Amino acid sequence: MTVAPLRIGNASGFYGDRFDAMREMLTGGPLDVLTGDYLAELTMLILGRDRLKNPSGGYARTFLGQLEECLGLAHERGVRIVANAGGLNPAGLADAVRQLADRLGIPVRVAHVEGDDLTAGHPRSLAAHAYLGGAGIAACLREGADIVVTGRVTDAALVTGPAVAHFGWAPDAYDRLAGAVVAGHVLECGTQATGGNYAFFTDHDPARLRHPGFPLAELHEDGSSVITKHDGTGGLVDIGTVTAQLLYETSGARYAGPDVTARLDSVRLTQEAPDRVRISGVRGEAPPPTLKVGLNRLGGYRNEVVFVLTGLDIEAKAALVRDQMEAALDAAKSRPTEVRWDLARTDHADAPTEETASALLRLVVRDRDRDAVGRTLSGAAIELALASYPGFHVIAPPGKGSPYGVFEDVYVPQGAVEHVAVLHDGRHVPVAPATDTLVLEPAPEPDLPEPLPPGPTRRAPLGVVAGARSGDKGGNANVGVWVRSDDAWRWLVHQLTDDRFQNLITESCHLKVVRHTLPNLRALNFVVEGILGEGVASQHRFDPQAKALGEWLRSRHLDIPEALL
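Shown next, in the form of structure tokens:
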């Protein structure tokens with residue numbers, strides 16, 4: 138007997154996303170399951186610091202606020218809710234949800250998943266959590282839970298868990314599981330799948346993108362899906378928006394997780410109708426024998442000061458204040474261990490306003506000693522107020538210094554983690570690790586199409602023909618680049634080599650860059666290793682999560698065939 142499709146939506150892409158999204162999704166149209174992704178590498182560090190102040194905390198409190206408004210709606214409509222808002226304390230959040238439900242008089246069954254917390258085994262870490270799969274979520278739903286909260290699971294597990302519970306897939310139904318992983322990856326960042334942060338946003342009416350609706354997937358028993366949104370909501374769903382999200386924070390053709398390794402090179406996208414994109418053909422393989430563990434720890438203290446340089450002689454002004462500051466730091470009792478300077482030439486010649494005549498010189502310091510980045514820096518900078526370059530002023534005076542975090546990932550055997558589903562009636566159900574596994578290896582590079590024949594070219598920005606989306610994974614960044622026609626693909630795949638990428642993105646020229654080719658998506662995915670230092674919380678660079686790295690790439694000029702312009 139054919140099982141009805143699972144209609145599964147998303148109402149949060151990060152901790153701090155649109156508060157009203159849960160209500161919008163519950164009232165906008167039919168749903169079976171509503172998911173929420175609240176966790177990221179930086180969020181785990183924030184929640185870890187919260188838990189230091191309050192051991193009963195450590196979860197996303199906005200989730201409770203959303204439920205206070207929407208729990209009755211979900212109950213009336215029979216929509217189950219699955220969210221990783223439990224963060225570092227899923228049991229605590231489950232108890233808080235029960236108390237809320239009791240206070241509101243709404244009879245709901247609340248379960249949670251635990252076992253991801255490995256902090257005790259990593260004593261130097263503020264938080265150490267394994268990325269669990271969807272099997273624990275599935276166990277809770279099979280036993281009748283209305284709400285399931287988890288800690289650190291993979292983002293796609295919020296979809297694979299409900300899918301396994303709904304369709305009854307076996308653990309080795311790899312193609313079906315991989316289809317759910319791909320659908321989950323598209324949904325996980327909310328409105329990024331419906332026109333948010335979209336490279337080709339200027340092709341569409343701005344009013345349409347002003348308030349994009351959140352996405353949902355109609356997931357079928359064979360693992361295929363249709364990505365769409367509620368009728369009448371803003372935004373758009375097309376092959377471009379889905380491609381962009383598929384490339385976000387991924388790397389090669391093999392996208393590994395605890396449930397399955399999905400082959401991104403097998404994904405096929407079809408525009409089925411307006412705001413409906415079908416995902417089909419996804420192949421899956423056995424998951425790797427290990428689980429990723431994210432380690433968050435405090436790295437020390439950081440501080441910064443931004444000097445404003447206005448008008449003429451920008452380079453000379455920067456050199457003068459830099460020499461003065463370096464001398465003062467050298468003479469200090471404790472010079473910061475890390476000192477970094479960056480000059481942003483935001484100034485324009487003959488500028489009509491003072492702001493557009495100004496450049497910004499940014500000094501960032503780091504040290505394990507708070508005084509070394511606090512008093513040392515503030516004293517040196519403030520004392521120059523009347524003794525440096527003409528027009529001296531700063532964006533804001535440096536403060537006392539603030540702690541910064543460091544992210545690192547390690548791997549443990551799947552069997553080393555005690556994955557447990559804690560049911561609504563208090564029973565603890567152990568979740569067995571994967572028995573069939575496959576060591577992750579890079580996928581073979583595909584055959585390339587014939588290059589475009591020679592013809593006239595014009596110097597133009599890459600973004601005229603190519604879209605991009607970029608993001609962070611620990612200290613690495615990825616930049617996914619795609620085009621919308623076969624001819625553009627024949628040009629892009631031969632022109633945008635890893636060497637050319639490094640020439641265009643000059644910050645990467647001394648780093649390792651790996652290119653991955655995804656012909657079905659007409660896409661290239663570049664991984665830049667180490668460009669983000671020790672992760673987003675270390676604030677290593679101007680754009681610490683590499684969110685705009687892809688847009689920088691799109692702004693760079695190349696010789697592009699006129700036939701593509």
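Residues in the sequence shown are numbered consecutively from 138, following my numbering.
Built from N, CA and C at the ideal position, the CB exists for glycine as well.
Keep in mind that this is a model prediction, so the values were computed, not measured.
Alpha-carbon spacing of residue 356 relative to residue 656, whole angstroms: 24 Å
For residue 541: DSSP bridge partner residues: 437
Residue 272, DSSP secondary structure in three states: helix
Residue nearest to residue 398 in terms of C-alpha spacing, selected from 439, 319, 354: 319
Beta-carbon proximity check, residue 679 vs residue 638, cutoff 7 Å: no
Given residue 417 as reference, the closest of 473, 196, 359 once Cα atoms are compared: 359
7 Å Cβ shell around residue 568 - same chain, five flanking residues per side excluded: 272, 273, 276, 556, 557, 558
Assigned secondary structure, residue 193 (DSSP; H/G/I helix, E/B strand, else coil): coil
Cβ-based burial, residue 380 [other Cβ within 10 Å; buried from 16]: buried
The segment 515-533 touching the segment 440-451, judged by at least three CB pairs closer than 8 Å: yes
Distance, residue 342 Cα to residue 314 Cα: 36 Å
Backbone CA spacing between residue 577 and residue 193 [nearest angstrom]: 38 Å
Cross-strand partners of residue 725 (DSSP beta bridge): Residue 725 lies beyond the stretch modelled for the chain, which goes from 138 to 702, so this question has no answer here.
Selection from 173, 212, 214 that minimises the alpha carbon distance to residue 128: For residue 128 there is no data in the structure shown, the boundaries of the chain being 138 and 702.
Proximity to residue 261 [Cα-Cα], best of 633, 229, 432, 293: 432
Alpha helix (DSSP H) segment containing residue 640, residue limits: 635-641
Under 7 Å between C-beta atoms of residue 659 and residue 635: no
Cβ-Cβ separation, residue 618 to residue 597 (assumed contact under 8 Å), whole Å: 15 Å between Cβ atoms; not a contact.
Residues near residue 337 in its chain [Cβ-Cβ closer than 7 Å; skip 5 each side]: 377, 604
7 Å CB neighbourhood of residue 654 in its chain, flanking five on each side removed: 582, 583, 630, 661
Neighbourhood of residue 773 by C-beta distance below 6 Å, restricted to the same chain and skipping five residues each side: No statement about residue 773 is possible, as the shown extent of the chain runs from 138 to 702 and does not include it.
For residue 610, three-class secondary structure by DSSP: strand
Residue of 253, 223, 267, 437 minimising C-alpha distance to residue 547: 267
Residues of its chain near residue 574, where Cβ-Cβ distance is below 8 Å and the 5 sequence neighbours each way are ignored: 423, 424, 425, 426, 551
Endpoints, the alpha helix (DSSP H) within which residue 519 is located: 512-519
Between the CA atoms of residue 632 and residue 237 - distance to the nearest angstrom: 57 Å
Counted within 10 angstroms of its Cβ, other Cβ atoms place residue 304 as buried (16 or more) or exposed: buried
Reduced DSSP secondary structure (H/G/I, E/B, other) of residue 282: coil
Residue environment, residue 147, which counts as buried when at least 16 other CB atoms sit within 10 Å: buried
Closest Cα partner of residue 451 within the set 374, 430, 481: 481
Three or more C-beta pairs below 8 Å linking the segment 388-403 and the segment 693-702: no
For residue 467, the first and last residue of its enclosing alpha helix (DSSP H): 451-468
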